Amino acid sequence: MVSKISEGIEISVETFYQPDYSNPMSAEFMFAYRISIENHNNFPVQLQRRHWHIFDSNGQYREVEGEGVVGVQPTLNPGERYQYVSGCNLRTEMGKMYGTYSMLNLSNKRAFDVNIPAFEMIVPFKHN
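What follows is the structure in structure tokens.
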């Protein structure tokens, strides 16, 4: 698990290889990731947008951006945590992701970005 605090928001990421949804013979590797977002500020925030940078080990790069996460734009009061699970498909056994969440301070309506720490996605048999 990797964690990072940025702008008073703690982001923690845990990854899982999904062998039942992968097909190594066709270069299809599916990973799930669980993200926890915790508000350490003294004001409520709302996650507005996400922006991902995704790399695999053959140098392929792609960006994904859009509104919210898994179909919602969660609001977090001070001390609250929001958790979700999503997925990423790669064409190689290894890759990494990092990105940003665009957040809104609901007290003063100021927008700010929170850094999502880089995390690796590695097929377990590649750890040896």
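Those letters in the sequence shown? Residues 11 to 138, by the numbering used here.
Backbone N, C-alpha and C define an ideal beta-carbon position, used for all residues, glycine too.
The model shown is predicted, which means the values in this text are computed figures rather than measured ones.
Nonlocal neighbours in the same chain, by C-beta distance under 7 angstroms from residue i, ignoring five residues either side
i      : result
Thr110 : His61, Asp123, Val124, Asn125, Ile126
Val80  : Tyr94, Ser96
Residue(s) in a DSSP beta bridge with residue i
i      : result
Lys106 : Phe65, Glu130
Leu171 : Given that the chain is displayed from residue 11 to residue 138, the structure contains no residue 171 and the question cannot be resolved.
Val55  : Leu86, Asn115
Glu24  : Arg44
Gly81  : In the DSSP output, where bridge partners are listed per residue, Gly81 has none listed.
Residue i, buried or exposed, once every other Cβ within 10 Å from all chains shown has been counted against 16
i     : result
Met35 : exposed
Phe65 : buried
Val95 : exposed
Asn87 : exposed
Gly69 : exposed
Span of the beta strand (DSSP E) around residue i
i     : result
Met35 : Where Met35 is concerned, there is no enclosing beta strand (DSSP E), given that its DSSP letter is neither H nor E.
Arg72 : 71-77
Nonlocal neighbours in the same chain, by C-beta distance under 6 angstroms from residue i, ignoring five residues either side
i     : result
Val12 : Val23, Pro127, Phe129
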